[in-house]
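Reviewing the structure listed below.
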Amino acid sequence: MRSAPPPADALTLLLLAYLILRDGADLAATADLILPPARTGRGSDARRDAARLRGLIARARHLLADPAVILVRGGAVSLDRQHTWTTDLTAALATTGPTLPAWLTAPWIDDLRGPPGGV
């Protein structure tokens, strides 16, 4: 039996859902919308926010078990076009195509679907 990846935190899932809904976004705008305010009381710092967003992207890549699925190019972040992305778990489990819900990865989604042809 295959094991599931470690559970993701809410910010990782929020980032993935945002990228799915926006079909990619500017890094600075994504950081402003996704990241909570810094707890240091010093206000927003672009370098610190960029580092926090890079860490969030790394966690999302780890969750999806493929570093190539989240692309960062020219100040923008997006998901690859190899898969059809959805945040709808019901639709993802019902399909037989390469649809990946944001919080599941291909290696173990088949375990949730059950055997081909139903039970």
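For the sequence shown, position 29 matches number 28 in numbering that gives the first Met the number 0, and the numbering has no gaps at all.
The C-beta atom is built at its ideal place from N, Cα and C for all residues, glycine as well.
For this session: Throw me the rounded Cβ distance for the residue 15 and residue 59 pair, which I believe falls under 8 angstroms.
Result: Sure, about 6 angstroms apart at Cβ, within 8 angstroms.
For this session: Please go through the same chain and pick out, in chain order, the residues whose beta-carbon is closer than 7 angstroms to the beta-carbon of residue 13, but skip the five residues on each side of it.
Result: Taken in chain order, the residues that qualify are 33.
For this session: Could you have a look at residue 25 and say whether DSSP puts it in helix, strand or coil?
Result: Residue state, collapsed to three classes: strand.
For this session: From the DSSP output, in three-state form, read off residue 125 for me.
Result: Lying outside 0 to 118, the shown extent of the chain, residue 125 is not represented and no answer is given.
Problem set entry | Residue span of the alpha helix (DSSP H) that contains residue 49, given as start and end | Judged by DSSP secondary structure, residue 49 falls within the alpha helix (DSSP H) whose first and last residues are 45 to 62.
Problem set entry | CB of residue 75 within 9 angstroms of CB of residue 20, strictly | For the 9 angstroms CB-CB criterion, residue 75 and residue 20 do not form a contact.
Problem set entry | Sequence-distant residues of the same chain with beta carbon closer than 6 angstroms to residue 77, five excluded per side | Excluding residues within five positions, the ones whose Cβ falls inside 6 angstroms are 23 and 70.
For this session: Find the nearest neighbour of residue 48 within the set 62, 31 and 57, judged by alpha-carbon distance.
Result: Looking from the CA of residue 48, the closest CA among 62, 31 and 57 belongs to 31.
For this session: Pull up the distance between the alpha-carbon of residue 10 and that of residue 73, whole angstroms please.
Result: Taking the straight line joining both Cα atoms gives about 23 angstroms.
Exercise. Based on the DSSP secondary-structure assignment, which residues constitute the bridge partners of residue 71?
Worked result: In DSSP, residue 71 forms a bridge with 76.
Problem set entry | Cβ-Cβ separation, residue 67 to residue 79 (assumed contact under 8 angstroms), whole Å | Sure, about 6 angstroms apart at Cβ, within 8 angstroms.
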